[in-house]
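Chains as they are written, first to last, in our numbering: chain A, 15 to 259; chain B, 6 to 508.
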């Protein structure tokens, strides 16, 4: 059973963050809130999201699963504006989700969750940890995007640097320690990532967020941030690009 | 749990794969090379008839080596974007598995990219799939497996798929191997299956394990003991006549009634039988009079078939069938003995091989037709042969017209008689790209002015420009912007001469 009311912008935040990696998602719901774990179709990135029940205006549920087509959710969001209340109710008999925005009601068939995986977030030790205002990164990504199809993330005790190096050009975004919110790094680390993934993830993160980044040497990067005013938590993991040996 | 036994009993590692030992060994060697990071070929092609374990072997390989799997099969869209977004993006990065484990290529933990039914990538929905596949093979940093039934077809469409891959052949399984698999499954399910049942199912599978497993699931699921009489349900199909039986009965048999009843049992499409007969009658009937009688019946049957479709009255099927069986069978004046190797209709073979080419030809004809104010048919008959000649010989014309008609990769390849990833074709595509970006050179104009041959008049330049856009939009060509600049360029440049008169 699942019945809830939430603000349009909360739902939009969730949809934005999830749909950058996957088209269909399995939301696991229990009495404490909604969570989702998924690996993208190319098996390169992963998302772990939890939305606490406090993020909802009204929330009542016991354990259930909802398979949702994110494009459809987006359609519903288009009907609403920021601040609108969206009501969602699971129709278990017909295996549907009923969504109401104002006077509009939309019923949507749920997607079968049978084939969807249940990934666990891997336990990877990442030696460097830093946090930064997302705007700083978004600006840098914009400059780096057209240069190359990969981007390297470098951290050392003095700061954090993004480098995108193409055949002819190079863009680097240097964030010395004082421009970062925090930095915890003993030895220099570096990893290379696919540009399209990294920029899509960074772009999906809402403005005003403080993003925490964990990196290592040729290891996945973990991005942690909060959504829904601190009532939701998102973890992205992105696998490194294979460098030519 | 999984209800489909063909899924449930997939092998868990390569040692569990039965049959095709050489292929399995080759595949394992290839995987070991990947583990240490330096395979000679980055991709392999598994080829062979359906249902003999190609996909199962690929998946077993991934399990044995603890690799991740990204699989795209015919139920996924496999156009250029899909292959780029999933296979190629996956192929250049490390991996998270479905269970959330991180695999690093440095440790030999790979991601196996499987393109199943890779010879079935065609058509509008899979547009650009083949070049994307070639790109995948070229750029991948992870192991790639292509699975095909018909390698010839795929290799013909792209040379890198032929040269850049290791090809591993799978053959039909022997009946004994199929029996082993069936017995294991029966034991696992706790069903007692009589030996003759196992034999019957294995024999009729003709080496197709998937079919055999489906059959045993159909008869054994929920049973304790399967006896011969229990497989009556399959029994009907067991006695099912193949097309070869039918041909034999009609062309070499002496009883029209038998031929007719065989056809009833054969469960083959009547149009299909007609094509088979058409192909095989001359193999058996050598006497001109027999031939003439037989084909008289065939033509009557054909008439009935066309009435079936015209009037949508399926009752005529039975008349057509009588002519094809009784009629053709009784057309012979002597008994036909001896073994005859009946052939698959060549017409169908040719049609399926040329499917792609015909599609491309049609799209070229459509584009050209809207330029020449002609129907596609007319273009194909009157213009295309000359156009193609001209296109191959005159480089300037080639580039100009390619840009003007917004020809696509496949179309250029067709006109040049080359493969889509051959250097010549690529060169032309690059040039066109360049022309689209640099608006100043607009040779297209020349062709424009010289068009109205064959008495077809063109009123003005502009409306034509518009019409040109139409087919383009339908074919989803992304490049559209630079069209604007073209308009003024034409007048400023004088035709250079040679090709003006030709077209």
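C-beta atoms are modelled at their ideal positions from N, C-alpha and C, and glycine is treated no differently.
A quick note: this is a predicted structure, and the numbers were derived from the prediction, not measured.
Is residue 59 of chain A helix, strand or coil when you go by DSSP? Translated into the one-based positions of the first chain, residue 59 of chain A becomes position 45. In this structure, residue 59 of chain A counts as strand in the three-state DSSP scheme.
Please report how far the alpha carbon of residue 5 of chain B lies from the alpha carbon of residue 176 of chain B, in whole angstroms. Outside the shown range of chain B, which is 6 to 508, sits residue 5 of chain B, and nothing can be said about it.
Would you mind telling me which residues of chain B sit closer than 9 Å to residue 255 of chain A, beta carbon to beta carbon, in chain order? As a first step, residue 255 of chain A is located in the first chain; it is residue number 241 there, counting from the start. Going along chain B in sequence order, the residues near residue 255 of chain A (Cβ under 9 Å) are 97, 98, 99, 146.
Can you say whether residue 146 of chain B is buried or exposed, counting buried as having 16 or more other CB atoms within 10 angstroms of its CB? Taking the first residue of the second chain as 1, we reach residue 146 of chain B at position 141. The residue in question, residue 146 of chain B, is buried, as its Cβ has 16 or more Cβ neighbours within 10 Å.
Chain B within 9 Å of residue 248 of chain A, Cβ atoms only: The count along the first chain starts at 1 and reaches residue 248 of chain A at position 234. Chain B, which has no Cβ nearer than 9 Å to the Cβ of residue 248 of chain A, makes this no.
When you compare the CB positions of residue 232 of chain A and residue 163 of chain A, do they come within less than 9 Å of one another, or not? Locating residue 232 of chain A in the first chain gives position 218, where the first residue counts as 1. Locating residue 163 of chain A in the first chain gives position 149, where the first residue counts as 1. Residue 232 of chain A places its beta carbon 9 Å or farther from that of residue 163 of chain A.
Test: residue 138 of chain A CB closer than 9 Å to a CB of chain B: As a first step, residue 138 of chain A must be located in the first chain, where it is residue number 124. It does: the Cβ of residue 138 of chain A has a partner Cβ on chain B nearer than 9 Å.
Against residue 91 of chain B, what residues of chain A qualify as contacts under a CB-to-CB distance less than 8 Å, listed in chain order? Here the question's residue 91 of chain B lines up with position 86 in the second chain. Neighbourhood of residue 91 of chain B in chain A, by CB distance below 8 Å: 55, 56, in chain order.
Cutoff 9 Å: residue 480 of chain B Cβ touching any chain A Cβ: Within the second chain, the letter at position 475 stands for residue 480 of chain B. Caution is warranted here: a pLDDT of 46 is assigned to residue 480 of chain B, below 50, making its placement in the model unreliable, and no coordinate value can be reported.
Would a check of beta-carbon distances place residue 82 of chain B closer than 9 Å to chain A? To locate residue 82 of chain B, count along the second chain from 1; it is residue 77. With respect to chain A, the C-beta atom of residue 82 of chain B has no partner C-beta closer than 9 Å.
Residue closest to residue 411 of chain B, alpha-carbon to alpha-carbon, out of B:114, B:191, B:373, B:353: Stepping through the second chain from its first residue, residue 411 of chain B is reached at position 406. The candidate whose alpha carbon is nearest that of residue 411 of chain B is B:373.
Residue environment, residue 349 of chain B, which counts as buried when at least 16 other CB atoms sit within 10 Å: Counted from its first residue, the second chain places residue 349 of chain B at position 344. Residue 349 of chain B is exposed by the Cβ-count criterion.
Alpha helix (DSSP H) segments (min. 4 residues) lying fully within the segment 114–196 of chain B: Inside the segment 114–196 of chain B, DSSP marks whole alpha helix (DSSP H) runs of 4 or more residues at positions 134–144, 156–162, 164–168, 180–194, from first to last along the chain.
Taking residue 345 of chain B as the reference, give the member of B:407, B:287, B:440, B:203 with the closest Cα. Stepping through the second chain from its first residue, residue 345 of chain B is reached at position 340. Out of B:407, B:287, B:440, B:203, B:287 has the C-alpha closest to the C-alpha of residue 345 of chain B.
Under 9 Å between C-beta atoms, does residue 76 of chain A make it to chain B? Here residue 76 of chain A refers to the residue found at position 62 when the first chain is read from its first residue. Not flagged as an interface residue toward chain B: residue 76 of chain A, since no C-beta distance is shorter than 9 Å.
In DSSP terms, what residue 47 of chain A is bridged to: Position 33 of the first chain, counted from the start, is the residue given in the question as residue 47 of chain A. Answer is A:44, A:66, bridged to residue 47 of chain A.
Residues in the segment 126–150 of chain A having any Cβ partner in chain B nearer than 8 Å: Listed by position, the residues of the segment 126–150 of chain A near chain B (Cβ gap below 8 Å) are 131, 132, 133, 134, 135, 136, 138.
Could you round the C-beta distance between residue 236 of chain B and residue 187 of chain B to whole angstroms and report it? I think they count as a contact, below 8 Å. By 1-based counting over the second chain, the position of residue 236 of chain B is 231. By 1-based counting over the second chain, the position of residue 187 of chain B is 182. Residue 236 of chain B to residue 187 of chain B, Cβ: 12 Å. No contact.
Closer than 9 Å to chain A by CB, residue 110 of chain B: Numbered from 1 along the second chain, position 105 holds the residue referred to as residue 110 of chain B. For residue 110 of chain B, the answer is yes, since a Cβ of chain A falls inside 9 Å of its Cβ.
Assuming residue 249 of chain A contacts residue 115 of chain A under a Cβ cut-off of 8 Å, what Cβ separation, rounded to an integer in Å, is found between them? Here the question's residue 249 of chain A lines up with position 235 in the first chain. Here the question's residue 115 of chain A lines up with position 101 in the first chain. The C-beta distance from residue 249 of chain A to residue 115 of chain A rounds to 29 Å, too long to meet the 8 Å contact threshold.
Identify which residue in A:215, A:91, A:173 has its Cα closest to the Cα of residue 201 of chain A. Within the first chain, residue 201 of chain A is the residue found at index 187, counting from 1. Measuring from the Cα of residue 201 of chain A, the nearest candidate turns out to be A:173.
How many angstroms separate the CA atom of residue 229 of chain B from the CA atom of residue 195 of chain B? If you number the second chain from 1, residue 229 of chain B lands on position 224. If you number the second chain from 1, residue 195 of chain B lands on position 190. CA-to-CA, the gap between residue 229 of chain B and residue 195 of chain B works out to about 7 Å.
So residue 211 of chain B and residue 134 of chain B are supposed to be a Cβ contact under 8 Å. How far apart are they, rounded? Mapped onto the second chain, residue 211 of chain B falls at position 206. Mapped onto the second chain, residue 134 of chain B falls at position 129. With a Cβ gap of about 31 Å, residue 211 of chain B and residue 134 of chain B do not count as contacting.
Does the Cβ of residue 188 of chain A lie closer than 8 Å to at least one heavy atom of the ligand GTP? Although the ligand GTP was asked about, the structure shown includes no ligands whatsoever.
In three-state DSSP terms, what is residue 402 of chain B? As a first step, residue 402 of chain B must be located in the second chain, where it is residue number 397. Residue 402 of chain B carries a helical assignment under DSSP once its states are collapsed to helix, strand and coil.
Span separating the alpha-carbon of residue 69 of chain A from that of residue 29 of chain A: Within the first chain, the letter at position 55 stands for residue 69 of chain A. Within the first chain, the letter at position 15 stands for residue 29 of chain A. Cα to Cα, the separation comes out at about 14 Å.
Nearest candidate by alpha-carbon position, reference residue 117 of chain A, set A:225, A:100, A:154: By 1-based counting over the first chain, the position of residue 117 of chain A is 103. The shortest C-alpha separation from residue 117 of chain A is found at A:100.
Could you please tell me which residues of the segment 228–241 of chain A, in chain order, have their CB closer than 9 Å to any CB of chain B? For the segment 228–241 of chain A, the beta-carbon criterion of a distance under 9 Å to any beta-carbon of chain B is satisfied by 232, 233, 234.
Under a Cβ-count criterion, where at least 16 other Cβ atoms within 10 Å of its own Cβ denotes burial, should residue 39 of chain A be classed as buried or exposed? As a working mapping, residue 39 of chain A is identified with position 25 in the first chain. The residue in question, residue 39 of chain A, is buried, as its Cβ has 16 or more Cβ neighbours within 10 Å.
So is residue 337 of chain B in contact with chain A if we call contact Cβ pairs under 9 Å? On the second chain, position 332 is the one that residue 337 of chain B refers to. Judged by the 9 Å Cβ criterion, residue 337 of chain B is not in contact with chain A.
Under 7 Å from the C-beta of residue 251 of chain A: neighbouring residues of chain B: The residue you call residue 251 of chain A lines up with position 237 of the first chain. 101, listed in chain order.
Residue 102 of chain B: buried (16+ other C-beta within 10 angstroms of its C-beta) or exposed? In the second chain, the residue the question calls residue 102 of chain B occupies position 97. With 16 or more neighbouring CB atoms inside 10 Å of its own CB, residue 102 of chain B falls in the buried class.
Taking the continuous alpha helix (DSSP H) assigned at residue 29 of chain A, which residues delimit it? Counted from its first residue, the first chain places residue 29 of chain A at position 15. It spans 22–33 - the alpha helix (DSSP H) in which residue 29 of chain A sits, taken as one unbroken run.
Does any residue of chain B bring its CB to less than 9 Å from the CB of residue 210 of chain A? Taking the first residue of the first chain as 1, we reach residue 210 of chain A at position 196. Interface residue, yes.
So what does DSSP say about residue 258 of chain B, is it helix, strand or coil? The count along the second chain starts at 1 and reaches residue 258 of chain B at position 253. For residue 258 of chain B, the three-state secondary structure derived from DSSP is coil.
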